[in-house]
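Novice: Chains A and B are the protein sequences, given in the same order.
The C-terminal position of the first sequence is numbered 83 in the UniProt record's numbering, with every residue numbered one higher than the one before it.
The C-terminal position of the second sequence is numbered 475 in the UniProt record's numbering, with every residue numbered one higher than the one before it.
Quick reminder that beta carbons are idealized off the backbone N, C-alpha and C, glycines included.
This is the structure, below, for whatever I ask next.
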Amino acid sequence: MPLPDDPTICPRCAFETIDRLATSPVPGVWDVLQCRQCLYTWRTTEPARRTRRDAYPDQFKMTVADIENAIEVPAVPPLRRAG
Amino acid sequence: MAHDDLRSFLDTLEQEGQLLRLTEEVLPEPDLAAAANATGRIGENAPALYFDNVKGFTDARIAMNVHGSWANHALALGLPRNTPVKEQVEAFAARWDVFPVAPERREDAPWRENTQEGADVDLFSVLPLFRLNDGDGGFYLDKAAVVSRDPEDPRNFGKQNVGTYRIEVIGTDRLAFQPVPMHDIAHHLRKAEEAGEDLPVAITLGNDPVITIVAGMPMAYDQSEYEMAGALRGAPAPIATAPLTGFDVPWGSEVVIEGVIESRKRQIEGPFGEFTGHYSGGRRMPVIRVDRVSHRTNPVFESLYLGMPWTEVDYLVGPNTCVPLLKQLRAEYPEVQAVNAMYTHGLMVIISTAKRYGGFAKAVGMRAMTTPHGLGYVAQVILVDEDVDPFNLPQVMWAMSAKVNPADDVVVIPNLSVLELAPAAQPAGITSKMIIDATTPVAPDVRGNFSTPAKDLPEAKEWAAKLQRLIAARS
Numbered sequence: 001m002p003l004p005d006d007p008t009i010c011p012r013c014a015f016e017t018i019d020r021l022a023t024s025p026v027p028g029v030w031d032v033l034q035c036r037q038c039l040y041t042w043r044t045t046e047p048a049r050r051t052r053r054d055a056y057p058d059q060f061k062m063t064v065a066d067i068e069n070a071i072e073v074p075a076v077p078p079l080r081r082a083g
Numbered sequence: 001m002a003h004d005d006l007r008s009f010l011d012t013l014e015q016e017g018q019l020l021r022l023t024e025e026v027l028p029e030p031d032l033a034a035a036a037n038a039t040g041r042i043g044e045n046a047p048a049l050y051f052d053n054v055k056g057f058t059d060a061r062i063a064m065n066v067h068g069s070w071a072n073h074a075l076a077l078g079l080p081r082n083t084p085v086k087e088q089v090e091a092f093a094a095r096w097d098v099f100p101v102a103p104e105r106r107e108d109a110p111w112r113e114n115t116q117e118g119a120d121v122d123l124f125s126v127l128p129l130f131r132l133n134d135g136d137g138g139f140y141l142d143k144a145a146v147v148s149r150d151p152e153d154p155r156n157f158g159k160q161n162v163g164t165y166r167i168e169v170i171g172t173d174r175l176a177f178q179p180v181p182m183h184d185i186a187h188h189l190r191k192a193e194e195a196g197e198d199l200p201v202a203i204t205l206g207n208d209p210v211i212t213i214v215a216g217m218p219m220a221y222d223q224s225e226y227e228m229a230g231a232l233r234g235a236p237a238p239i240a241t242a243p244l245t246g247f248d249v250p251w252g253s254e255v256v257i258e259g260v261i262e263s264r265k266r267q268i269e270g271p272f273g274e275f276t277g278h279y280s281g282g283r284r285m286p287v288i289r290v291d292r293v294s295h296r297t298n299p300v301f302e303s304l305y306l307g308m309p310w311t312e313v314d315y316l317v318g319p320n321t322c323v324p325l326l327k328q329l330r331a332e333y334p335e336v337q338a339v340n341a342m343y344t345h346g347l348m349v350i351i352s353t354a355k356r357y358g359g360f361a362k363a364v365g366m367r368a369m370t371t372p373h374g375l376g377y378v379a380q381v382i383l384v385d386e387d388v389d390p391f392n393l394p395q396v397m398w399a400m401s402a403k404v405n406p407a408d409d410v411v412v413i414p415n416l417s418v419l420e421l422a423p424a425a426q427p428a429g430i431t432s433k434m435i436i437d438a439t440t441p442v443a444p445d446v447r448g449n450f451s452t453p454a455k456d457l458p459e460a461k462e463w464a465a466k467l468q469r470l471i472a473a474r475s
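Shown next as structure tokens:
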């Protein structure tokens, strides 16, 4: 579900719409969040290098172009014509 | 003794001193992955790890490094825990000859105890998911046996595939999935997508140790992994019918996830710290919609740390990659003595072979590259003589240093196929491949000065075995 009051942005692509995928079975310990744009998924109790935009390593950051231009593996094959 | 499920194997590991229970509270990240990462750095007989006190979870049960040592690999095959590696591979190859052994169907699978369907599916409520490496895009199922069928021949038991593929959890009921184009499920998916149809799959987690070995084994397309499991176990593999897909799945699994790979759809996935010791970049990969989850009460979640070798995956797929290549090469070239394909799933392979005539060893090397597994791996082959043990790396380095004349013995072939994950490929999926012929030249290839080799004494082999027995008895 959306988290409208949460200032969190995606550590990886800086997108601002974040969903909550799960919450800890022991109440209040952690949430699992996910960026709606790049699908990066993290737990709120992980180290800053995985959860905060300013600490996230540059080599793993992703842009919209990175997402849209990523190669397909495997490529979608042509549809086979009937007959 | 054949193990029918993961739990009985964990009991065996514990009895043999090869299971470490961690009872103190640990963080899901980074502790779980860091502990499993450490097993690869503390020696080659590291134990399996079992966690049941993970912060924020109430009933998580996590097993890691289950196959991650030579002792554990031996026990998985029902061999004594101190069986030398070369003997494990030889035992594996001997059992291959019993293939096929028909499986045994059972109706009382323990994973029938609990079910989630449709809108009620929530993978996070069943599995204590967690991240492995810093740069991973999310949480992964990386030790599953995934079952699929050939859409054009769905009743063919041999073409039903059981394989291990990386699977990212991208939603409560959605997964991203990587079928390497050379792998069997990629053939299934291509046929389904050419017809515009979804491909049903059954993803089984927490399996008996031999099912995991055969799921990571590069077998021929129409060979049944269940029939190979029976050969390796020395007893029929117990299987059951998955309720939604009707597929044959392991009887002893902890969790069975069923759904479909949605046809002709790709979505961003990764990166993931791979067995190559490098991250794969973000790729657009197929997506699975999960329609049903069946699971044991209090399931054990089995996961595997991988990153810079050696890690558990190297112990898991090392021997099971050597044996198919050995069998496939020997089928045409009985001169082949042994194959060591234990490095990075066979991206580099060492083969010992006798020679028919000059140039023969290079032909064996080229054949290795054109085996089904070789098409996607086997980027470098080192050929050594029949009296060199390819598992003994100092011997291999001796052959390389003494027998190779680079101008004549190193062959580079450009633009061959390799899996996209190979870090040196350029572009992804294409690489040059290299043969290093470190065998002694034979006529009519008359080169070098090899007429007076110093050989081991005739009695040395017997003495080596005797000394090994004495050392083993001492410990």
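Does the beta carbon of Arg53(A) come closer than 8 Å to any beta carbon on chain B?
Specialist: no
Novice: Give a yes or no on whether 8 Å exceeds the smallest Cβ distance from Arg190(B) to chain A.
Specialist: yes
Novice: Could you list which residues in chain B have their beta carbon closer than 8 Å to that of Arg36(A), in chain order?
Specialist: The contacting residues do not exist; Arg36(A) stays about 11 Å from chain B at best.
Novice: Going residue by residue through the region 399 to 447 of chain B, where are the continuous alpha helix (DSSP H) segments of at least 4 residues, counting only ones entirely within it?
Specialist: 406 to 409
Novice: Can you have a look at Arg36(A) and say buried or exposed, based on whether 16 or more other CB atoms are within 10 angstroms of its CB?
Specialist: exposed
Novice: Secondary structure at Cys35(A), three-state DSSP: helix, strand or coil?
Specialist: DSSP, read as helix, strand or coil, puts Cys35(A) in strand.
Novice: Given that Glu72(A) touches chain B, what residues does it touch there, using C-beta distances under 8 Å?
Specialist: Arg266, Arg283, Arg284, Met285
Novice: Which term fits Gly360(B), buried or exposed, when burial requires 16 or more other beta carbons within 10 angstroms of its beta carbon?
Specialist: According to the sequence provided, residue 360(B) is Phe. The question's Gly does not apply to it. Classification for Phe360(B): buried.
Novice: Can you pull the DSSP bridge partners for Gly259(B)?
Specialist: According to DSSP, which records beta bridges pairwise, Gly259(B) is partnered with Val201(B), Val290(B).
Novice: Would you be able to state if there are at least three C-beta pairs under 8 Å between the region 222 to 238 of chain B and the region 74 to 94 of chain B?
Specialist: yes
Novice: In chain B, which residues lie with their C-beta within 8 Å of the C-beta of Glu46(A)?
Specialist: Glu29, Pro30, Arg131
Novice: Taking Cβ-Cβ distances shorter than 9 Å, what residues in chain A pair up with Thr204(B)?
Specialist: By Cβ distance, chain A contributes nothing, its closest Cβ being about 22 Å from Thr204(B), past 9 Å.
Novice: Note down, in chain order, each residue of its chain lying with its Cβ closer than 7 Å to the Cβ of Ala186(B), except the 5 sequence neighbours on either side.
Specialist: Pro179, Val180
Novice: Are Val249(B) and Leu123(B) closer than 8 Å when you measure CB to CB?
Specialist: no
Novice: Restricting to Cα atoms, I'd like to know which of Lys55(B), Asn53(B), Ala36(B), Ser69(B) is closest to Leu13(B).
Specialist: Ser69(B)
Novice: Pull up the distance between the alpha-carbon of Phe15(A) and that of Ile9(A), whole angstroms please.
Specialist: 6 Å
Novice: Taking contact to mean 3 or more Cβ pairs, one atom from each stretch, closer than 8 Å, check whether the region 59 to 72 of chain A and the region 40 to 53 of chain B are in contact.
Specialist: No, because fewer than three Cβ pairs between the region 59 to 72 of chain A and the region 40 to 53 of chain B fall closer than 8 Å, the two stretches do not touch.
Novice: How many whole angstroms separate the CB atoms of Val54(B) and Pro128(B), which I take to be in contact at a CB cut-off of 8 Å?
Specialist: 6 Å
Novice: What is the DSSP secondary structure of Glu168(B), reduced to helix, strand or coil?
Specialist: In this structure, Glu168(B) counts as strand in the three-state DSSP scheme.
Novice: In terms of alpha-carbon separation, which member of Ala379(B), Gln395(B), Ala2(B) lies closest to Val411(B)?
Specialist: Ala379(B)
Novice: With distances taken from CA atoms, which of Leu419(B), Arg174(B), Leu416(B) is nearest Thr41(A)?
Specialist: Cα-wise, what sits closest to Thr41(A) is Arg174(B).
Novice: Between Gly216(B) and Pro57(A), how many whole angstroms is the CB-CB distance? I'm expecting something under 8 Å.
Specialist: About 30 Å; that fails the 8 Å criterion.
Novice: State yes or no: is the beta carbon of residue 84(A) nearer than 8 Å to at least one beta carbon in chain B?
Specialist: Because chain A spans 1 through 83 in this model, residue 84(A) falls outside it and cannot be assessed.
Novice: Over the uninterrupted alpha helix (DSSP H) stretch that includes Trp42(A), give me the two end residues.
Specialist: Per DSSP, Trp42(A) is not a residue of any alpha helix (DSSP H); the beta strand (DSSP E) it occupies stretches across 41 to 43.
Novice: Compare the C-beta of Thr8(A) against all C-beta atoms of chain B and say whether one is closer than 8 Å.
Specialist: no
Novice: Checking 8 Å against the spacing of the C-beta atoms, do Leu21(A) and Leu33(A) come in under that value?
Specialist: Judged by their CB atoms, Leu21(A) and Leu33(A) are nearer to each other than the 8 Å cut-off.
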